[in-house]
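Below: one structure, written as structure tokens.
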Amino acid sequence: MPALDVIDRNILRLLRLDARMSNAKLAAEIGLSPSACLRRIKIMEKSGVIRGYTALIDTGNADEMIAVIINITLERQTEDYLDRLEAAVRRHPEIRECFLMTGGSDYLLRVEVANAGEFERIHKEILSTLPGVLRIHSSFSIRNVLATRTRGRR
């Protein structure tokens with residue numbers, strides 16, 4: 001992986017805000033020629049710094065959805081316990097993200113719900129049945145600051 005300089009970091013910052021920004025606009029924002037900008041992007045793609053591009057899908061009620069961050073602590077931190085929990089999590093599309101963590105909990109999960117009743121169902125039917133879980137701690141989000149930045153909120 002090549003060392004990233006300030007120009008590369010600026011390119012990545014702008015692509016995170018708008019990955020569909022034209023190369024000409026991106027180059028102008030950075031202060032490069034379009035060919036130099038594109039060359040840097042291709043190098044970052046080839047080296048794996050940029051692993052891909054994605055679309056953020058608006059389900060029509062995205063502003064009404066509540067992100068719930070869930071910290072999971074396992075009874076044990078053995079390979080068997082980790083593997084069983086990860087296999088179980090993969091079976092539930094309601095769980096949008098799952099991170100193996102350091103620190104106070106073993107896993108951090110993210111789900112999105114429309115209301116507390118929907119979370120109660122997920123808690124009863126999914127979270128409380130995950131294998132090897134000692135503790136579940138859930139926090140409800142107020143607002144995703146980064147997701148709303150392009151809508152004029154600061």
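Going by full-length UniProt numbering, the residue at position 101 of the sequence shown is 101; the numbering climbs one at a time, nothing skipped.
We put the beta carbon where it would ideally sit given N, CA and C, even for glycine.
In terms of residue numbering, what span does the alpha helix (DSSP H) encompassing Val145 cover?
-> Within the sequence shown, numbered from 1, the residue matching residue 145 stands at position 145. Val145 -> no alpha helix (DSSP H), and no H or E assigned at all.
Could you tell me which uninterrupted alpha helix (DSSP H) segments, each at least 4 residues in length, are contained entirely in the region 13–96, listed from first to last along the chain?
-> 23–30, 34–47 and 79–90
Span separating the alpha-carbon of Arg9 from that of Asp80 | By one-based count along the sequence shown, residue 9 stands at place 9. By one-based count along the sequence shown, residue 80 stands at place 80. Distance between the alpha carbons of Arg9 and Asp80: 39 Å.
Test: Gly31 CB closer than 9 Å to a CB of chain C | No chain C appears in the structure shown, which is made up of a single protein chain.
One or two residues paired with Glu112 in a DSSP bridge = Here residue 112 is taken as the residue at index 112 of the sequence shown, counted from 1. Answer is Ala67, bridged to Glu112.
Status (buried if at least 16 other CB within 10 Å, exposed otherwise) for Met101 | For the purposes of this step, residue 101 is taken as residue 101 along the sequence shown, with counting starting at 1. Met101 is exposed by the Cβ-count criterion.
Selection from Arg121, Cys37 and Ser47 that minimises the alpha carbon distance to His92 | Your numbering for residue 92 matches position 92 in the sequence shown. It is Arg121.
Can you have a look at Ala27 and say buried or exposed, based on whether 16 or more other CB atoms are within 10 angstroms of its CB?
-> Stepping through the sequence shown from its first residue, residue 27 is reached at position 27. Ala27 should be labelled buried.
Just grab the DSSP bridge partners of Phe99 for me.
-> Counting from 1 along the sequence shown, the entry for residue 99 is found at position 99. Its beta-bridge partners are Leu108.
What's the gap between the Cα of Leu134 and the Cα of Ile69?
-> Taking the sequence shown and counting its residues from 1, one reaches residue 134 at position 134. Taking the sequence shown and counting its residues from 1, one reaches residue 69 at position 69. Cα-Cα distance, rounded: 17 Å.
Beta-carbon separation of Met21 and Leu12 under 9 Å?
-> The residue labelled residue 21 in the question sits at position 21 within the sequence shown. The residue labelled residue 12 in the question sits at position 12 within the sequence shown. It is not a contact, given that the beta carbons lie outside the stated cut-off.
Pick out whichever of Ser141, His137 and Asn115 has its Cα sitting closest to the Cα of Thr73.
-> As a working mapping, residue 73 is identified with position 73 in the sequence shown. The option with the nearest alpha carbon to Thr73 is His137.
Going by other Cβ atoms of all chains shown within 10 Å of its Cβ, with 16 needed for buried, is Val111 buried or exposed?
-> Position 111 of the sequence shown holds residue 111. That one is buried.
Consult DSSP for Ile126 and reduce its assignment to one of helix, strand or coil.
-> As a working note, residue 126 is residue 126 in the sequence shown. Of the three classes helix, strand and coil, the one that applies to Ile126 here is coil, per DSSP.
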